[in-house]
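Report on one structure; see the data block that follows.
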Amino acid sequence: MERTRVAVLVSGAGTNLRALLDACARPEYPAQIVLVMSNRPSAPALELARAARVDAVAMPVSQFGGDGSARDRALRDLLRAAAVELVVCAGYDRMLGEVVLEAFPDAIINIHPSLLPAFGGGMRAVEEALEYGVKVSGCTVQLLEAGEPDGGPIILQGTVAVLENDDVDSLRQRIHEQEWRLVPEAVALWCRGRLRREGRRVRLLPAGQPEGGAAAPALSAVTRREEKRR
Ligand code: GRF
């Protein structure tokens, strides 16, 4: 099995990175993490990556004189040089520039700690859900694309009931637990060619069935490699 080459972009603790590293350690898992990049040199996620012997790079915008687009071009070049096929934003707290989005169409996965489209577009999704008083929250795994922040097509969502005595920490913890399950699952679906995008909808294809006359090919590194060969 040829494993899909994945880069993970992080800014913080890296618990989702940990979940993906654990998944990649399983022999049947269809992805390998070849690169971890953080905009924050002090992110604990970088240490996690290094401990797992994965290339870990810090690329703070300050290193590019504060020029975000220069940083984005360097990031795109780094991803290409590592022959990355799928990018996962796992707690990455900066917007990705268009040069990166255009270089990886439908091949950047993002995780957001709310049931989108509710509480999108910011870093306070868990706080906002509690303040609003919702009874159900959760997380969303989506494809990233240009336009509205957190507005990309949805791959998977997981729900979490808000309990009467929840505070931000307790709700965040249960949302995180859903993320640790759904991020590796979404990555595996992408890598196995089990996702097909139809407009805003991302369809989950049944396992092991040929595509048979589909208008759009499934998303996967295999279809991307075939497109390149043509
Ligand atoms: C996650 O809750 C994710 O939804 C959000 O940032 C958090 C990252 O957590 N975008 P971690 O660094 O993976 O622990």
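Numbering (the numbering used here), first residue to last: -16 to 213. Idealized CB from N, CA, C, for every residue including glycine. All values reported here derive from a predicted model rather than from experimental measurement.
In the structure shown, what three-state DSSP assignment does residue i receive?
{"i": "Glu81", "result": "helix"}
{"i": "Leu(-8)", "result": "strand"}
{"i": "Ala108", "result": "helix"}
{"i": "Ala26", "result": "coil"}
{"i": "Glu114", "result": "helix"}
{"i": "Glu131", "result": "coil"}
{"i": "Ala8", "result": "coil"}
{"i": "Arg1", "result": "helix"}
{"i": "Arg207", "result": "helix"}
{"i": "Arg213", "result": "coil"}
In angstroms with no decimal places, state the Cα-to-Cα distance between residue i and residue j.
{"i": "Ala204", "j": "Val37", "result": "20 Å"}
{"i": "Val67", "j": "Val40", "result": "14 Å"}
{"i": "Thr142", "j": "Glu(-15)", "result": "33 Å"}
{"i": "Ile16", "j": "Cys7", "result": "7 Å"}
{"i": "Asp50", "j": "Val44", "result": "6 Å"}
{"i": "Asp76", "j": "Arg213", "result": "37 Å"}
{"i": "Arg263", "j": "Glu181", "result": "One cannot answer for residue 263 here, as it falls past the ends of the chain, which runs -16 to 213."}
{"i": "Arg208", "j": "Arg186", "result": "21 Å"}
{"i": "Leu18", "j": "Ala169", "result": "18 Å"}
{"i": "Leu139", "j": "Arg175", "result": "15 Å"}
{"i": "Glu131", "j": "Met78", "result": "11 Å"}
{"i": "Gly196", "j": "Leu188", "result": "The predicted position of Gly196 is uncertain, since its pLDDT is 49 and thus under 50; a value taken from the coordinates is nonetheless stated next. So the two alpha carbons sit approximately 13 Å from each other."}
{"i": "Pro100", "j": "Gly134", "result": "7 Å"}
{"i": "Thr123", "j": "Arg54", "result": "27 Å"}
{"i": "Ser153", "j": "Ala26", "result": "22 Å"}
{"i": "Ala190", "j": "Val151", "result": "37 Å"}
{"i": "Leu126", "j": "Asn148", "result": "33 Å"}
{"i": "Val82", "j": "Pro24", "result": "22 Å"}
{"i": "Glu11", "j": "Gly48", "result": "43 Å"}
{"i": "Lys118", "j": "Leu202", "result": "34 Å"}
{"i": "Pro96", "j": "Ala73", "result": "11 Å"}
State the beta-bridge partners of residue i as determined by DSSP.
{"i": "Thr(-13)", "result": "Ala14"}
{"i": "Ile137", "result": "Gln125"}
{"i": "Leu202", "result": "Leu178"}
{"i": "Val19", "result": "Val(-9), Ala39"}
{"i": "Val119", "result": "Ala144"}
| Which whole runs of the alpha helix (DSSP H) in the region 29 to 102 are 4 residues long or more, in chain order? | 51 to 64, 81 to 86
| task | Just list the alpha helix (DSSP H) runs in the region 139 to 195, keeping only unbroken ones of 4 residues or longer that don't cross its boundaries, in chain order. | result | 151 to 174
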